[in-house]
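Here is the structure we will look at.
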Amino acid sequence: MKKIISWLSMACIISTIFVCNASASTIQSSVSLNITIPSSGQTTIASGRDFYVIGDINGTLPDNAVVTVSLYQNGSNNPIRKVHTNIKDNENGININYSKLSYYGGSNRTPLKKSCMPDLVYDPSNPDSFKDAWRKCYYNDTNFTALISGGEYSSDFNLVGEDGVPYQPLKDGNYTILATAQNSNGSTIATTKKAIEIGNNKDVAIFRFSPADHYQKVIDEVNKNNYFALLDPLAGYWSPQNYIHSLSGSSLFCEILPKWRFNDSKEYQINRSHFYIYNVSNTAATYTVELGTLQHQQAIDDPTRLVCYYYDIGEPSLPNVNISSKFVQFQPGSHLAFTRADYPTGTSEDNQLVSNDLKNMKSDLNLTDGVNGDAGKTISFYGVVTPIQNASTEITANDDNTYTYANRIKTLRYTVTGDGVNTTLTKNVGLTRVINGKNYYSVFEFKNDIILDASWAGKDLKIAVQGYDAHGQSVNGTSQCLEVHVAQQNSSALRPAA
69 MKKIISWLSM
79 ACIISTIFVC
89 NASASTIQSS
99 VSLNITIPSS
109 GQTTIASGRD
119 FYVIGDINGT
129 LPDNAVVTVS
139 LYQNGSNNPI
149 RKVHTNIKDN
159 ENGININYSK
169 LSYYGGSNRT
179 PLKKSCMPDL
189 VYDPSNPDSF
199 KDAWRKCYYN
209 DTNFTALISG
219 GEYSSDFNLV
229 GEDGVPYQPL
239 KDGNYTILAT
249 AQNSNGSTIA
259 TTKKAIEIGN
269 NKDVAIFRFS
279 PADHYQKVID
289 EVNKNNYFAL
299 LDPLAGYWSP
309 QNYIHSLSGS
319 SLFCEILPKW
329 RFNDSKEYQI
339 NRSHFYIYNV
349 SNTAATYTVE
359 LGTLQHQQAI
369 DDPTRLVCYY
379 YDIGEPSLPN
389 VNISSKFVQF
399 QPGSHLAFTR
409 ADYPTGTSED
419 NQLVSNDLKN
429 MKSDLNLTDG
439 VNGDAGKTIS
449 FYGVVTPIQN
459 ASTEITANDD
469 NTYTYANRIK
479 TLRYTVTGDG
489 VNTTLTKNVG
499 LTRVINGKNY
509 YSVFEFKNDI
519 ILDASWAGKD
529 LKIAVQGYDA
539 HGQSVNGTSQ
549 CLEVHVAQQN
559 SSALRPAA
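The opening residue of the sequence shown carries number 69 in this note's numbering; numbering runs sequentially from there.
Structure representation (structure tokens):
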């Protein structure tokens, strides 16, 4: 009888364990993790670059859950990087006053406490902990974020793990990101992983992300040719409304300029860059970081390192014509291309394009057979130039991880000849687009107005064009010849756009 009771007791205990385990399993299955960044198509990460791991949390984690993000090189059981935190919504552990953090939302930085930016995480009881790379992890009820060091950039934190072992630069190869949530007792609540590669993409795009129609045109071109466009947020560049659910719709934005510029430059070290020339100012990262990196490497004139493209009609689209623009590749050694001629009827200013004026503009999209114009009227010639290689002595590597260089194709000289005409005009390169009342400067584009003098009426003229750099030296590959057929004054001899 005692044995019967004993076995019954044992059965009850075993049954209870199964019930408890089933209950625990249910709890675990009610929470899941999903890594969203690195995103699909963005899982090859340049050597030496820090990168973010960002993910969704589905379900509710305990307030004292431990979230860990680890990086394993394939074939190894030991993480090469490991960051973690055991505090949910660690707003007091966000260093909103970090000296290198730029914030443009006013003098009150309190909104940054909710930013979830892992770069800013520290132990508020120990200010020196801000330099701990292994603390750069954050989570709330909807997301987790982590910063993984590439092993080179050290301005924000020490390149040392929690175990005291110095970080080495991540070697090229295949890796696995493992994200884990655990209870305070060490039991696993949820886990997920994602495969990535450390290395350089073979073909990478350089372009401005604005305006939106240009962005989409480039993305379509990049996808068609299987090039890489860096779309995931760079470490140091934080616009969380795009990937943190609790901040969806927020305008919060901040950046650590030296950090993200350093990380940006890593994508253009040894590969071939495809530069889509449009709307690039001489202060944009496209110019100061990405092209600056190639300038510093003396790679601008190397067609295996840089290929340039332009819109055949000068714009992603023109409201006055029903023609889809396409990208045209500059051939090696060629540095100047004309895209179209416009016929303004009102006031026109050199190198200024008011976007609204294009709605009723007459345009000639084929300059190969010459252009027609009325004496006394203006023809606006649009075009594009490429970057030119600066001498190493003209390039300055700045402390903020940008490059300063000033030599470029700066002027175009137009020499008009034929039927007794011999006139030379010098025009600047550098176009300002006025879009919705705001100016956007483009250093590689131009709109040069040529006024057809009344004395040219009835004449067929040739215009020889030559480009010059900032030192006044002629630039090879910038010689072009245009033909202009000048009608009698007020003859209205304009061809339709073609």
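Even glycine gets a Cβ: it sits at the ideal position worked out from N, Cα and C.
**Study point:** Inter-residue spacing [alpha-carbon to alpha-carbon] between Asp-187 and Tyr-411
**Key:** Sequence index remark: in the sequence shown, residue 187 carries index 119 (1-based). Sequence index remark: in the sequence shown, residue 411 carries index 343 (1-based). Their Cα atoms are separated by approximately 53 Å.
Review point. Which runs of the alpha helix (DSSP H) fall wholly inside the stretch 177-203 and span at least 4 residues, in chain order?
Key: Under the rule that a run must span 4 or more residues, no alpha helix (DSSP H) segment is found entirely inside the stretch 177-203.
Check your understanding: Do the stretch 306-314 and the stretch 204-211 make contact, defined as three or more Cβ pairs closer than 8 Å?
Key -> A contact exists between the stretch 306-314 and the stretch 204-211.
Check your understanding: Does the stretch 351-360 come close enough to the stretch 283-296 that 3 or more CB-CB pairs lie under 8 Å?
Key -> Judged by Cβ distances under 8 Å, the stretch 283-296 makes no contact with the stretch 351-360, as fewer than three pairs qualify.
Exercise for review: Please report how far the alpha carbon of Thr-256 lies from the alpha carbon of Val-151, in whole angstroms.
Suggested key: To locate residue 256, count along the sequence shown from 1; it is residue 188. To locate residue 151, count along the sequence shown from 1; it is residue 83. Rounded to the nearest whole angstrom, the C-alpha separation of Thr-256 and Val-151 is 16 Å.
Point to revise | Short Cβ contact (8 Å threshold) for Ile-518 with Phe-406 | key: Locating residue 518 in the sequence shown gives position 450, where the first residue counts as 1. Locating residue 406 in the sequence shown gives position 338, where the first residue counts as 1. Contact check for Ile-518 against Phe-406 fails: the beta carbons are separated by 8 Å or more.
Review point. With a CB to CB cut of under 6 Å and the five nearest residues on each side skipped, what residues in its chain are close to Phe-198?
Key: In the sequence shown, residue 198 corresponds to position 130, counting from 1. Beyond the five residues adjoining it in sequence on each side, Phe-198 comes within less than 6 Å, by CB distance, of Asn-163, Tyr-190 in the same chain, given in chain order.
Point to revise | Of the listed residues Lys-394, Val-497, Ser-416, Ile-125, nearest to Lys-292 (C-alpha basis) | key: Your numbering for residue 292 matches position 224 in the sequence shown. That would be Lys-394, whose Cα lies nearest to the Cα of Lys-292.
Review point. For Tyr-471 versus Thr-461, is the C-beta spacing smaller than 8 Å?
Key: Position 403 of the sequence shown, counted from the first residue, corresponds to residue 471. Position 393 of the sequence shown, counted from the first residue, corresponds to residue 461. No.
Exercise for review: Use the C-beta contact count for Gln-397: other C-beta atoms within 10 angstroms, 16 or more gives buried, fewer gives exposed.
Suggested key: Your numbering for residue 397 matches position 329 in the sequence shown. Under this definition Gln-397 is an exposed residue.
Review point. Ordered along the chain, which non-local residues of its own chain (more than five positions away) have a Cβ less than 8 Å from that of Val-511?
Key: Here residue 511 corresponds to residue number 443 of the sequence shown, with the count starting at 1. Excluding sequence neighbours, Val-511 sits near Val-348, Ser-349, Asn-350, Tyr-355, Arg-476, Val-497, Gly-498.
Point to revise | C-alpha gap between Val-554 and Asn-458, whole angstroms | key: On the sequence shown, residue 554 is found 486 positions in, with the first residue counted as 1. On the sequence shown, residue 458 is found 390 positions in, with the first residue counted as 1. Each residue's Cα considered, the two are about 40 Å apart.
Check your understanding: Taking Cβ positions, are Gly-382 and Val-552 nearer each other than 8 Å?
Key -> The residue labelled residue 382 in the question sits at position 314 within the sequence shown. The residue labelled residue 552 in the question sits at position 484 within the sequence shown. Contact flag unset, no.
Exercise for review: Assign Gly-173 to buried or exposed, taking buried as 16 or more other Cβ atoms, counted over all protein chains shown, within 10 Å of its Cβ.
Suggested key: Taking the first residue of the sequence shown as position 1, residue 173 is located at position 105. The residue in question, Gly-173, is exposed, as its Cβ has fewer than 16 Cβ neighbours within 10 Å.
Review point. Mind checking Ile-245: buried by the 16 CB within 10 Å criterion, or exposed?
Key: In the sequence shown, the residue the question calls residue 245 occupies position 177. Answer is buried; the Cβ neighbour count reaches 16.
Point to revise | Simplified DSSP state of Lys-119, which is helix, strand or coil | key: Stepping through the sequence shown from its first residue, residue 119 is reached at position 51. It should be noted that the sequence gives Phe, not Lys, for residue 119. Strand, per DSSP.
Point to revise | His-539 - partner residues in DSSP beta bridges | key: Here residue 539 is taken as the residue at index 471 of the sequence shown, counted from 1. Bridge partners of His-539: none, in fact.
Check your understanding: Of all the alpha helix (DSSP H) runs that stay within the bounds of the stretch 435-515, which reach a length of 4 or more residues?
Key -> Look at the stretch 435-515 and you find no whole run of alpha helix (DSSP H) that is 4 residues long or longer.
Review point. Given that a residue counts as buried once 16 or more other Cβ atoms are within 10 Å of its Cβ, and exposed if not, what is Ala-92?
Key: The residue labelled residue 92 in the question sits at position 24 within the sequence shown. Reliability fails at Ala-92, whose pLDDT of 40 lies under 50, so the model's placement of it is uncertain and the value that follows must be treated cautiously. Classification for Ala-92: exposed.
Exercise for review: Give every residue of the same chain whose Cβ lies closer than 6 Å to the Cβ of Ala-133, excluding the five residues on either side of it in the sequence, and list them in chain order.
Suggested key: The residue labelled residue 133 in the question sits at position 65 within the sequence shown. Excluding positions up to five away in sequence, the list reads Ala-249.
Practice item. Could you pull out every residue in the same chain whose Cβ sits closer than 7 Å to the Cβ of Leu-227, ignoring the five residues on either side in sequence? Key: Taking the sequence shown and counting its residues from 1, the one referred to as residue 227 is at position 159. Scanning its chain for C-beta atoms nearer than 7 Å, with the 5 sequence neighbours on each side dropped, one finds around Leu-227 the residues Ala-201, Ser-217, Gly-219, Pro-234, Tyr-235, in chain order.
**Study point:** Beta-carbon spacing of Cys-376, Ile-338 below 8 Å
**Key:** Locating residue 376 in the sequence shown gives position 308, where the first residue counts as 1. Locating residue 338 in the sequence shown gives position 270, where the first residue counts as 1. No.
Point to revise | Between the CA atoms of Ser-183 and Asp-157 - distance to the nearest angstrom | key: Walking along the sequence shown from the start, residue 157 turns up at place 89. Walking along the sequence shown from the start, residue 183 turns up at place 115. CA-to-CA, the gap between Asp-157 and Ser-183 works out to about 10 Å.
Practice item. Would you kindly check if the distance between the Cβ of Thr-483 and the Cβ of Gly-267 is under 8 Å? Key: Here residue 267 is taken as the residue at index 199 of the sequence shown, counted from 1. Here residue 483 is taken as the residue at index 415 of the sequence shown, counted from 1. Against a cut-off of 8 Å, the Cβ pair of Thr-483 and Gly-267 comes out as no contact.
Practice item. With 8 Å as the threshold, decide whether the Cβ of Asn-294 is near any Cβ in chain D. Key: No chain D appears in the structure shown, which is made up of a single protein chain.
Exercise for review: Could you give the DSSP three-state label for Val-422: helix, strand or coil?
Suggested key: For the purposes of this step, residue 422 is taken as the residue at position 354 of the sequence shown. Here Val-422 sits in strand by DSSP.
Review point. Does DSSP put Gln-363 in a helix, in a strand, or in coil?
Key: The residue you call residue 363 lines up with position 295 of the sequence shown. Three-state DSSP puts Gln-363 in a helix.
Exercise for review: Using alpha carbons as the reference points, say which of Ser-167, Lys-270, Lys-261 lies closest to Glu-323.
Suggested key: Here residue 323 corresponds to residue number 255 of the sequence shown, with the count starting at 1. For Glu-323, the nearest C-alpha among the options comes from Ser-167.
Point to revise | Range covered by the alpha helix (DSSP H) that runs through Gln-284 | key: To locate residue 284, count along the sequence shown from 1; it is residue 216. Bounds of the alpha helix (DSSP H) holding Gln-284 are 280-293.
Check your understanding: Which word fits Thr-485, buried or exposed, when buried means at least 16 other C-beta atoms lie within 10 angstroms of its C-beta?
Key -> Mapped onto the sequence shown, residue 485 falls at position 417. Exposed is the call here.
Exercise for review: Note down, one range per segment and in chain order, each beta strand (DSSP E) of at least 3 residues found wholly within the stretch 229-286.
Suggested key: Considered as a whole, the stretch 229-286 harbours 241-250, 256-266, 271-274 as its complete beta strand (DSSP E) runs of no fewer than 3 residues, in chain order.
**Study point:** Closest by C-alpha distance to Thr-260, when choosing among Asn-126, Pro-195, Gly-545, Leu-374
**Key:** For this step, residue 260 is matched to residue 192 along the sequence shown. Among Asn-126, Pro-195, Gly-545, Leu-374, the Cα nearest to that of Thr-260 belongs to Asn-126.
Check your understanding: For Arg-373, which three-state DSSP category applies?
Key -> Numbered from 1 along the sequence shown, position 305 holds the residue referred to as residue 373. Three-state result, Arg-373: coil.
Exercise for review: Could you check what DSSP says for Gln-309 in three-state terms: helix, strand or coil?
Suggested key: Counted from its first residue, the sequence shown places residue 309 at position 241. The answer is helix: DSSP assigns Gln-309 an H, G or I state.
Practice item. Can you give me the start and stop residues for the alpha helix (DSSP H) that Phe-330 sits inside? Key: Along the sequence shown, read from residue 1 onward, the residue named residue 330 stands at position 262. Unbroken alpha helix (DSSP H) run through Phe-330: 325-333.
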